[in-house]
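Position one of the sequence shown corresponds to residue 8 (our numbering), numbered consecutively onward.
Idealized CB from N, CA, C, for every residue including glycine.
In this text the structure is predicted, and so the values were computed from the model without any measurement.
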Amino acid sequence: MPIPEDVTGDEIDKDVRQELQSLPKTLAEDVAKNLVMVARLLDEEPGAAYGYSKVALRLASRVAAVREAAGFAAYANQKYGEALAEFRAARRMTGNVDLWPVMADCERGLGRPEKALDMAGAPEVHKLDKAGQVEMRLVVAGARRDMGQLDAAIVTLQSPELASNAVQPWNARLRYAYADALLAAGRDGEAREWFAKAVESDRDGSTDASDRLAELDGVEFVDALDEHEGDVDVVEEGGGDKD
8 MPIPEDVTGD EIDKDVRQEL QSLPKTLAED VAKNLVMVAR LLDEEPGAAY
58 GYSKVALRLA SRVAAVREAA GFAAYANQKY GEALAEFRAA RRMTGNVDLW
108 PVMADCERGL GRPEKALDMA GAPEVHKLDK AGQVEMRLVV AGARRDMGQL
158 DAAIVTLQSP ELASNAVQPW NARLRYAYAD ALLAAGRDGE AREWFAKAVE
208 SDRDGSTDAS DRLAELDGVE FVDALDEHEG DVDVVEEGGG DKD
(Lines of atoms letter the chains of each structure in order from A; the text may use other names.)
(Lines give C-alpha, C1' and ligand atoms only; values in the text may rest on other atoms or scores of the structure.)
Protein backbone atom coordinates (compact mmCIF):
# COMPACT_ATOMS: atom_id res chain seq x y z
CA MET A 8 0.00 0.00 0.00
CA PRO A 9 1.30 3.50 -0.83
CA ILE A 10 2.92 5.57 1.91
CA PRO A 11 2.60 9.38 1.61
CA GLU A 12 5.90 11.23 1.25
CA ASP A 13 5.36 13.15 4.49
CA VAL A 14 5.39 9.92 6.52
CA THR A 15 8.91 9.10 7.72
CA GLY A 16 8.24 6.57 10.47
CA ASP A 17 9.80 8.85 13.06
CA GLU A 18 6.29 9.85 14.17
CA ILE A 19 5.80 6.65 16.16
CA ASP A 20 6.01 6.48 19.93
CA LYS A 21 9.52 6.06 21.33
CA ASP A 22 8.58 2.78 23.04
CA VAL A 23 7.40 1.35 19.72
CA ARG A 24 10.56 2.60 18.03
CA GLN A 25 12.56 0.78 20.65
CA GLU A 26 10.67 -2.44 19.95
CA LEU A 27 11.45 -2.11 16.26
CA GLN A 28 15.19 -1.94 16.95
CA SER A 29 15.20 -5.73 16.96
CA LEU A 30 14.58 -5.59 13.19
CA PRO A 31 17.01 -4.73 10.38
CA LYS A 32 17.05 -0.95 9.85
CA THR A 33 15.27 -0.85 6.48
CA LEU A 34 12.62 -3.31 7.64
CA ALA A 35 12.09 -1.34 10.85
CA GLU A 36 11.56 1.83 8.83
CA ASP A 37 8.97 0.14 6.60
CA VAL A 38 7.09 -1.26 9.59
CA ALA A 39 7.18 2.11 11.36
CA LYS A 40 5.69 3.88 8.34
CA ASN A 41 2.86 1.39 8.13
CA LEU A 42 2.16 1.76 11.85
CA VAL A 43 2.02 5.54 11.42
CA MET A 44 -0.58 5.06 8.69
CA VAL A 45 -2.65 2.79 10.95
CA ALA A 46 -2.69 5.44 13.68
CA ARG A 47 -3.41 8.22 11.20
CA LEU A 48 -6.37 6.49 9.54
CA LEU A 49 -7.86 4.42 12.35
CA ASP A 50 -10.69 6.79 13.31
CA GLU A 51 -11.67 8.23 9.93
CA GLU A 52 -10.78 5.45 7.50
CA PRO A 53 -10.70 2.18 9.46
CA GLY A 54 -10.75 0.05 6.32
CA ALA A 55 -7.57 1.66 5.03
CA ALA A 56 -5.98 1.44 8.49
CA TYR A 57 -6.74 -2.27 8.50
CA GLY A 58 -4.93 -2.67 5.17
CA TYR A 59 -1.78 -0.99 6.50
CA SER A 60 -1.94 -3.09 9.66
CA LYS A 61 -1.91 -6.26 7.57
CA VAL A 62 1.21 -5.05 5.77
CA ALA A 63 2.93 -4.35 9.09
CA LEU A 64 1.82 -7.74 10.37
CA ARG A 65 3.26 -9.49 7.33
CA LEU A 66 6.57 -7.71 7.84
CA ALA A 67 6.96 -8.10 11.62
CA SER A 68 4.45 -10.41 13.28
CA ARG A 69 6.79 -11.05 16.21
CA VAL A 70 6.71 -7.42 17.37
CA ALA A 71 4.12 -6.81 20.09
CA ALA A 72 3.35 -3.26 18.95
CA VAL A 73 2.51 -4.59 15.49
CA ARG A 74 0.16 -7.22 16.90
CA GLU A 75 -1.51 -4.55 19.06
CA ALA A 76 -1.94 -2.18 16.10
CA ALA A 77 -3.39 -5.02 14.04
CA GLY A 78 -5.78 -5.75 16.89
CA PHE A 79 -7.06 -2.19 17.05
CA ALA A 80 -7.45 -2.02 13.27
CA ALA A 81 -9.46 -5.24 13.27
CA TYR A 82 -11.50 -3.99 16.23
CA ALA A 83 -12.31 -0.74 14.42
CA ASN A 84 -13.63 -2.84 11.53
CA GLN A 85 -15.74 -5.01 13.86
CA LYS A 86 -13.58 -8.07 13.16
CA TYR A 87 -13.76 -9.04 16.80
CA GLY A 88 -12.44 -12.58 16.58
CA GLU A 89 -9.37 -11.41 14.70
CA ALA A 90 -8.90 -8.47 17.06
CA LEU A 91 -9.08 -10.72 20.11
CA ALA A 92 -6.47 -13.07 18.66
CA GLU A 93 -4.08 -10.17 18.00
CA PHE A 94 -4.61 -8.65 21.45
CA ARG A 95 -3.97 -12.02 23.08
CA ALA A 96 -0.75 -12.39 21.08
CA ALA A 97 0.42 -8.91 22.11
CA ARG A 98 -0.37 -9.63 25.73
CA ARG A 99 1.56 -12.93 25.65
CA MET A 100 4.59 -11.05 24.30
CA THR A 101 4.54 -8.25 26.87
CA GLY A 102 2.64 -9.55 29.89
CA ASN A 103 0.89 -6.16 29.93
CA VAL A 104 -2.72 -6.01 31.19
CA ASP A 105 -3.64 -2.72 29.47
CA LEU A 106 -5.51 -4.54 26.70
CA TRP A 107 -7.76 -6.44 29.10
CA PRO A 108 -10.81 -4.13 28.75
CA VAL A 109 -10.76 -4.08 24.96
CA MET A 110 -10.29 -7.87 24.94
CA ALA A 111 -13.41 -8.13 27.09
CA ASP A 112 -15.24 -5.84 24.69
CA CYS A 113 -14.25 -8.15 21.83
CA GLU A 114 -16.03 -10.93 23.71
CA ARG A 115 -19.12 -8.69 23.71
CA GLY A 116 -18.71 -8.15 19.99
CA LEU A 117 -18.61 -11.90 19.51
CA GLY A 118 -21.94 -12.24 21.33
CA ARG A 119 -20.42 -13.50 24.58
CA PRO A 120 -21.30 -10.87 27.22
CA GLU A 121 -21.08 -13.50 29.96
CA LYS A 122 -17.40 -13.99 29.09
CA ALA A 123 -16.85 -10.25 29.32
CA LEU A 124 -18.35 -10.29 32.83
CA ASP A 125 -16.09 -13.19 33.79
CA MET A 126 -13.08 -11.16 32.65
CA ALA A 127 -14.26 -8.24 34.78
CA GLY A 128 -13.80 -10.40 37.84
CA ALA A 129 -10.31 -11.58 36.93
CA PRO A 130 -7.17 -10.57 38.89
CA GLU A 131 -5.92 -8.62 35.85
CA VAL A 132 -8.51 -5.90 36.50
CA HIS A 133 -6.85 -4.95 39.79
CA LYS A 134 -3.61 -4.27 37.89
CA LEU A 135 -5.23 -1.73 35.57
CA ASP A 136 -4.63 1.96 36.02
CA LYS A 137 -7.57 4.30 36.66
CA ALA A 138 -8.29 4.79 32.94
CA GLY A 139 -8.29 1.03 32.42
CA GLN A 140 -10.63 0.44 35.34
CA VAL A 141 -13.09 3.02 34.00
CA GLU A 142 -12.89 1.37 30.58
CA MET A 143 -13.60 -1.98 32.19
CA ARG A 144 -16.62 -0.50 33.94
CA LEU A 145 -17.94 0.72 30.58
CA VAL A 146 -17.50 -2.75 29.10
CA VAL A 147 -19.31 -4.37 32.02
CA ALA A 148 -22.21 -1.94 31.70
CA GLY A 149 -22.37 -2.73 28.00
CA ALA A 150 -22.40 -6.45 28.73
CA ARG A 151 -25.26 -5.98 31.21
CA ARG A 152 -27.22 -4.12 28.55
CA ASP A 153 -26.49 -6.89 26.04
CA MET A 154 -28.12 -9.27 28.49
CA GLY A 155 -31.14 -7.01 28.97
CA GLN A 156 -30.10 -6.02 32.49
CA LEU A 157 -30.66 -2.26 32.25
CA ASP A 158 -30.89 -1.56 35.97
CA ALA A 159 -27.64 -3.45 36.56
CA ALA A 160 -25.96 -1.45 33.79
CA ILE A 161 -27.04 1.80 35.42
CA VAL A 162 -25.78 0.71 38.84
CA THR A 163 -22.47 -0.40 37.29
CA LEU A 164 -21.85 3.10 35.96
CA GLN A 165 -22.70 4.81 39.27
CA SER A 166 -19.15 5.32 40.49
CA PRO A 167 -16.94 7.98 42.06
CA GLU A 168 -15.54 8.68 38.59
CA LEU A 169 -19.04 9.47 37.30
CA ALA A 170 -19.73 11.93 40.12
CA SER A 171 -16.31 13.58 40.02
CA ASN A 172 -15.97 17.08 38.56
CA ALA A 173 -12.27 16.57 37.87
CA VAL A 174 -11.41 16.81 34.17
CA GLN A 175 -10.37 13.38 32.97
CA PRO A 176 -10.11 11.76 29.51
CA TRP A 177 -12.93 9.37 30.31
CA ASN A 178 -15.47 11.90 31.65
CA ALA A 179 -17.47 12.37 28.45
CA ARG A 180 -17.70 8.69 27.54
CA LEU A 181 -18.66 7.64 31.06
CA ARG A 182 -21.37 10.28 31.35
CA TYR A 183 -22.62 9.50 27.87
CA ALA A 184 -22.91 5.78 28.65
CA TYR A 185 -24.79 6.58 31.85
CA ALA A 186 -27.18 8.93 30.05
CA ASP A 187 -27.78 6.37 27.31
CA ALA A 188 -28.53 3.63 29.85
CA LEU A 189 -30.97 5.93 31.70
CA LEU A 190 -32.72 6.74 28.43
CA ALA A 191 -33.00 3.05 27.55
CA ALA A 192 -34.61 2.50 30.96
CA GLY A 193 -37.19 5.21 30.25
CA ARG A 194 -35.71 7.74 32.66
CA ASP A 195 -35.72 10.58 30.13
CA GLY A 196 -35.36 13.50 32.56
CA GLU A 197 -32.26 12.07 34.19
CA ALA A 198 -30.90 11.05 30.79
CA ARG A 199 -31.18 14.64 29.58
CA GLU A 200 -29.29 15.88 32.63
CA TRP A 201 -26.42 13.48 32.01
CA PHE A 202 -26.27 14.06 28.26
CA ALA A 203 -25.86 17.75 29.15
CA LYS A 204 -23.02 16.88 31.52
CA ALA A 205 -21.44 14.75 28.79
CA VAL A 206 -21.59 17.72 26.42
CA GLU A 207 -19.82 19.89 29.01
CA SER A 208 -16.93 17.46 29.31
CA ASP A 209 -16.71 16.41 25.65
CA ARG A 210 -14.10 18.90 24.53
CA ASP A 211 -12.79 16.89 21.59
CA GLY A 212 -16.12 15.71 20.20
CA SER A 213 -15.56 12.06 21.05
CA THR A 214 -19.31 11.46 21.46
CA ASP A 215 -22.51 12.65 19.80
CA ALA A 216 -23.86 13.85 23.15
CA SER A 217 -24.81 17.27 21.76
CA ASP A 218 -26.95 15.63 19.07
CA ARG A 219 -28.61 13.34 21.59
CA LEU A 220 -29.34 16.31 23.88
CA ALA A 221 -30.85 18.29 21.00
CA GLU A 222 -32.98 15.29 20.07
CA LEU A 223 -34.36 15.08 23.61
CA ASP A 224 -35.11 18.80 23.51
CA GLY A 225 -37.07 18.39 20.30
CA VAL A 226 -34.55 20.16 18.09
CA GLU A 227 -34.08 18.60 14.67
CA PHE A 228 -31.19 19.43 12.36
CA VAL A 229 -32.07 18.89 8.72
CA ASP A 230 -29.79 19.26 5.71
CA ALA A 231 -31.78 20.89 2.96
CA LEU A 232 -30.91 22.02 -0.56
CA ASP A 233 -32.58 25.15 -1.79
CA GLU A 234 -32.60 25.53 -5.55
CA HIS A 235 -31.76 29.22 -5.40
CA GLU A 236 -29.55 29.54 -2.33
CA GLY A 237 -27.55 26.29 -2.32
CA ASP A 238 -26.86 24.13 0.73
CA VAL A 239 -28.34 25.31 4.01
CA ASP A 240 -28.82 23.84 7.44
CA VAL A 241 -32.38 24.05 8.68
CA VAL A 242 -33.09 23.87 12.40
CA GLU A 243 -36.61 22.96 13.38
CA GLU A 244 -37.92 23.11 16.93
CA GLY A 245 -40.55 20.59 17.87
CA GLY A 246 -43.65 21.24 19.88
CA GLY A 247 -46.21 23.40 18.12
CA ASP A 248 -47.29 24.85 14.80
CA LYS A 249 -45.83 28.04 13.43
CA ASP A 250 -47.78 30.87 11.87
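TODO: State whether the segment 86-97 contacts the segment 32-48, with contact taken as three or more CB pairs (one from each stretch) at a distance under 8 Å.
DONE: Taking one beta carbon from each stretch, the segment 86-97 and the segment 32-48 have fewer than 3 pairs nearer than 8 Å; the two do not touch.
Open item on the list: Check this for me: beta carbons of ALA111 and ALA123, under 8 Å apart or not?
Closed with: Taking 8 Å as the Cβ cut-off, ALA111 and ALA123 qualify as a contacting pair.
TODO: Ignoring anything shorter than 3 residues or poking outside the segment 35-85, list the beta strand (DSSP E) runs there in chain order.
DONE: Listed in chain order, nothing qualifies, since the segment 35-85 has no complete beta strand (DSSP E) run of 3 or more residues.
Open item on the list: Measuring only from the beta carbon, is ASP37 closer than 7 Å to any heavy atom that is part of the ligand ZN?
Closed with: Looking for the ligand ZN in the displayed structure turns up nothing, as the structure carries no ligands at all.
TODO: Take the Cβ of GLY60 as the centre, count every other Cβ of all protein chains shown within 10 Å, and call the residue buried at 16 or more, exposed below.
DONE: At residue 60 the sequence reads Ser, which differs from the Gly that was named. Around the beta carbon of SER60, 16 or more other beta carbons lie within 10 angstroms, which makes this residue buried.
Task: CA nearest to the CA of GLY16, picked from VAL132, VAL23 and LYS40 - done: If we check each option's Cα against that of GLY16, LYS40 comes out closest.
Open item on the list: Please report the distance separating the alpha-carbon of GLU26 from that of ALA67.
Closed with: About 11 Å.
Open item on the list: I believe ALA55 touches ALA76 by the beta-carbon criterion, under 8 Å. Please report the beta-carbon distance rounded to the nearest angstrom.
Closed with: Taking 8 Å as the upper bound for CB-CB distance, ALA55 and ALA76 are not in contact here, some 13 Å apart.
Task: Short Cβ contact (8 Å threshold) for ALA205 with ALA188 - done: With contacts defined as CB atoms closer than 8 Å, ALA205 and ALA188 fail to qualify as a contacting pair.
Task: Whole-Å CB distance - LEU42 paired with ILE19, under 8 Å assumed - done: Rounded, the Cβ-Cβ distance is 6 Å, consistent with contact.
Open item on the list: Give me, in chain order, the residues of the same chain whose beta-carbon lies closer than 6 Å to that of ARG98; leave out the 5 immediate sequence neighbours on both sides.
Closed with: Within the same chain, ARG98 has close Cβ partners LEU106.
Open item on the list: Quick check: what's the CA-CA separation for LEU223 versus ASN178?
Closed with: Computed Cα separation, rounded: 21 Å.
Open item on the list: Just verifying my parser: in three-state terms, what is the DSSP assignment at MET110?
Closed with: Helix.
TODO: Would you kindly work out how many angstroms separate the C-alpha atoms of ILE161 and ALA148, rounded to a whole number?
DONE: Computed Cα separation, rounded: 7 Å.
TODO: Out of ASP158, VAL109, VAL70 and GLY58, state which residue places its alpha-carbon closest to the alpha-carbon of TYR87.
DONE: Checked all of ASP158, VAL109, VAL70 and GLY58; the closest Cα to TYR87 is VAL109.
TODO: With a floor of 4 residues, list each alpha helix (DSSP H) that falls wholly inside the segment 104-162, ordered by position along the chain.
DONE: Complete alpha helix (DSSP H) runs here, min 4: 107-116, 120-127 and 137-153.
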